[in-house]
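Numbering (this note's numbering), first residue to last: 1 to 587.
Glycine is no exception: its CB is placed at the ideal position from the N, C-alpha and C atoms.
As the structure is a prediction and not an experimental result, all values here were calculated from the model.
Below: one structure, written as C-alpha cells.
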C-alpha cells in the first residue's frame, strides 16, 4: 500500500488509460467464462441425441465461439496497450519528478553517493514501476476477478465439489505470504548490487585515461568482474527462491485436479453429476487454478517492482535544500523584497560565520569580512584551510552552521535560492563542460543570448582565437567534459560562459593555477575584463592574481588571520609575507 500511495499522484494523469484497462479486464473475464459454457452446452446436445434442431444449435454455438474468441483478442489488445500507456507514462512522470528532486538536494547529499548509484535509481529502479502498473497490478486484479467468477460458476454447477476444490487454496496463500517475506529483500539486494555495478562502470569509464596511464586495466577489470559476480549471485539468490515457490504452487493447484478426478468421477458414475457438467468442471477448474499459477509468476514481478519503488521513494523522501530558511521571521520578507532587484549591487558581508561538515569539527570559525560592491577580495592560505568552503557558502551550496552572510544587507537565507544564484557566476579550476558544441557550452549561462553576444563573450575571454581554429568553429563537438580541448582552452571557454552570464558577483576558484605562463596571461587578461564592475572573490596561489585585489583575506586554521591589501600585508611581515617568501604565492 505504501508503494501504491507513492505512485498514485503520478498515475492521475493517466486515469483514462487505467479506466480503459480495468473495463477491458472486466469484460475479458466475462468473455473467458463463456467459452467453457459453450462446450458444456455442446456436450449436452450430443448426450441428448442428435436431431435437425441439434445441428442448427451446434452451428449457432460455433458462431458464438467465434465471436467470443474474436472479442477476447480485441479486449486483450486494449487491456495490454492501455496498461502499457499508463505504465510507461507513470515511469516518465516518476523519472522526471525524481530528477527534479535530485536537482533540489544539497551538495552534502552528493558527497557520499556515487553518480552510477543515482543513475541506477533514476533508470533501473523506475523501470520496474512499469511492470507494477502495466502488468503486476492488472494481472493480480484480473486473476482475482477470474478466481471469484469461476468459483461462482462452479458453485452453480455443484456446490459440494466447488468447496472440495478450494482445499489447496490456503496452502497457496500461505506460500505467497512467506514468499513475499523473503523474496522482496532478495530483489532489493539485487537492485542494490546493480546500482553498485553501474557506479563502478560510470567511475571507470570516466577515468579511462587514468586507468590507461597507470596501466591498471587488469586490476580495474578484475574489480568490475567482482561487481558483476556479486550482482549475478544476488540475482541467482532471488531466482532460487522463485524456483522453489513455483513448483510448490504447481503441486498445490494440481491437488484440485486430483479432487475432481476422484470425487467428480464418483458423482458422475452415480448419476449425481451429468457428464457435460463434469467436463465443464474440468474446463473451469483449469481456469480456476490458472489465476493461482499466474499469481505466483506475477508475485515475482510485484516483489521486484516494489523493491525498485521503495528505492525510488527513499530518494524522494530526502529533504531538499531550503529555498528560504528564515522566511516569515519578523520583517525579513520585507527586507528580502527590497534587495531582490533584477541585478543586486553585490555587497557581501560575512558576520561571525562558522561552518562544519562533520559535527564538532569546524572548518571555518568566527569569519567576519566585508566586501564592498564592485571590489575585489582575494582569499589566500595553506591548502585545506577552507578557502573553497568560504566561497561555497555564498551561493548556499552549504548552509552556515553559525553566523550569517548578507547580500546587500539581507541574510542570504531569506532570499529564494534561484534569485541568489542568479546573481553569481563561478569559474573553477576544474572546469566542467558538457558534451556538445563550443557554442552550446557558452550559451549554457544564458540560452537566450544572441550570436553576436556569444562571439563578444568569446573574444573578451580570449577564446575566439582557438574556437576559430576548431574543425567546425563554434559548432565543433568538444566531447564529454571538453576532452578535445586543452586545460587553458577549457578555462577560457568557462570564462566566456561567465562573461555571457553577466552576474554582479564573481567567484574565481584557482582559475589559473594549472596552465602554462603564456596561457595564464591570456586567461588573466580575460579575467580582468570579467572582473570589471563586479564584486569578485578570488581564490588563488598566484601572486599576479592576488596582488591587485582591494582586500586580501589570509585564512589560517579556519579563521581570519590577516586582512589588508598586498602592500600592507607585505609590510606587516606576517603570514602573507611568509607565504610570499616561501613561494606559496609565486609571482
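Rounded straight-line distance, which links the Cα of residue j to that of residue i
{"i": "residue 121", "j": "residue 533", "result": "44 Å"}
{"i": "residue 332", "j": "residue 369", "result": "Caution applies to residue 332, whose pLDDT of 49 falls short of 50 and renders its modelled position unreliable; the model cannot decide the point."}
{"i": "residue 181", "j": "residue 2", "result": "16 Å"}
{"i": "residue 374", "j": "residue 551", "result": "12 Å"}
{"i": "residue 267", "j": "residue 273", "result": "5 Å"}
{"i": "residue 245", "j": "residue 239", "result": "10 Å"}
{"i": "residue 376", "j": "residue 568", "result": "16 Å"}
{"i": "residue 311", "j": "residue 231", "result": "17 Å"}
{"i": "residue 4", "j": "residue 446", "result": "40 Å"}
{"i": "residue 270", "j": "residue 59", "result": "32 Å"}
{"i": "residue 276", "j": "residue 79", "result": "32 Å"}
{"i": "residue 32", "j": "residue 153", "result": "12 Å"}
{"i": "residue 429", "j": "residue 201", "result": "26 Å"}
{"i": "residue 151", "j": "residue 288", "result": "7 Å"}
{"i": "residue 86", "j": "residue 25", "result": "14 Å"}
{"i": "residue 444", "j": "residue 491", "result": "15 Å"}
{"i": "residue 521", "j": "residue 101", "result": "41 Å"}
{"i": "residue 330", "j": "residue 353", "result": "Low per-residue confidence applies at residue 330: pLDDT is 43, beneath 50, and the placement is therefore not dependable, though the value from the model is reported in the following sentence. Using only the alpha carbons, I get a separation of about 22 Å."}
{"i": "residue 448", "j": "residue 427", "result": "21 Å"}
{"i": "residue 67", "j": "residue 144", "result": "25 Å"}
{"i": "residue 442", "j": "residue 20", "result": "48 Å"}
{"i": "residue 115", "j": "residue 197", "result": "11 Å"}
{"i": "residue 170", "j": "residue 126", "result": "33 Å"}
{"i": "residue 351", "j": "residue 394", "result": "12 Å"}
{"i": "residue 303", "j": "residue 506", "result": "51 Å"}
{"i": "residue 452", "j": "residue 458", "result": "10 Å"}
Identified DSSP bridge partners for residue i
{"i": "residue 368", "result": "Looking at the DSSP assignment, residue 368 forms no beta bridge with any residue, so it has no partner."}
{"i": "residue 563", "result": "553"}
{"i": "residue 356", "result": "362"}
{"i": "residue 591", "result": "Residue 591 lies beyond the residue range present for the chain, which begins at 1 and ends at 587; the question has no answer from this structure."}
{"i": "residue 539", "result": "379, 509"}
{"i": "residue 410", "result": "407"}
{"i": "residue 425", "result": "506"}
{"i": "residue 437", "result": "477"}
{"i": "residue 349", "result": "370, 406"}
CB contact flag (residue i, residue j, <8 Å)
{"i": "residue 530", "j": "residue 495", "result": "yes"}
{"i": "residue 476", "j": "residue 508", "result": "no"}
{"i": "residue 105", "j": "residue 400", "result": "no"}
{"i": "residue 228", "j": "residue 387", "result": "no"}
{"i": "residue 592", "j": "residue 38", "result": "Residue numbering for the chain in the displayed model covers 1 to 587; residue 592 lies beyond these limits and cannot be assessed."}
{"i": "residue 589", "j": "residue 280", "result": "It is not possible to answer for residue 589, since the shown part of the chain is limited to 1 through 587."}
{"i": "residue 285", "j": "residue 257", "result": "yes"}
{"i": "residue 379", "j": "residue 107", "result": "no"}
{"i": "residue 500", "j": "residue 546", "result": "no"}
{"i": "residue 308", "j": "residue 248", "result": "no"}
{"i": "residue 291", "j": "residue 146", "result": "yes"}
{"i": "residue 252", "j": "residue 148", "result": "no"}
{"i": "residue 82", "j": "residue 61", "result": "no"}
Reference residue i, options the options, closest by Cα
{"i": "residue 183", "options": "566, 467, 301, 24", "result": "301"}
{"i": "residue 188", "options": "141, 128, 408", "result": "128"}
{"i": "residue 487", "options": "363, 42, 466, 157", "result": "466"}
{"i": "residue 90", "options": "348, 148, 75, 15", "result": "15"}
{"i": "residue 8", "options": "101, 313, 287", "result": "313"}
{"i": "residue 163", "options": "260, 72, 145", "result": "260"}
{"i": "residue 23", "options": "142, 12, 413", "result": "142"}
{"i": "residue 263", "options": "160, 351, 405, 407", "result": "160"}
{"i": "residue 559", "options": "113, 390, 433", "result": "390"}
{"i": "residue 408", "options": "207, 423, 145", "result": "423"}
{"i": "residue 497", "options": "432, 480, 546", "result": "432"}
{"i": "residue 406", "options": "398, 347, 440", "result": "347"}
{"i": "residue 221", "options": "236, 237, 203", "result": "203"}
{"i": "residue 356", "options": "403, 343, 205, 383", "result": "403"}
{"i": "residue 278", "options": "418, 504, 156", "result": "156"}
Bounding residues of the alpha helix (DSSP H) (the contiguous stretch that carries residue i)
{"i": "residue 143", "result": "137–157"}
{"i": "residue 478", "result": "Counting along the chain, residue 478 falls outside any alpha helix (DSSP H), and DSSP gives it neither H nor E."}
{"i": "residue 116", "result": "115–120"}
{"i": "residue 129", "result": "126–130"}
{"i": "residue 575", "result": "575–581"}
{"i": "residue 392", "result": "387–392"}
{"i": "residue 5", "result": "2–11"}
{"i": "residue 490", "result": "487–501"}
{"i": "residue 111", "result": "107–111"}
{"i": "residue 464", "result": "464–467"}
{"i": "residue 454", "result": "451–460"}
{"i": "residue 265", "result": "265–269"}
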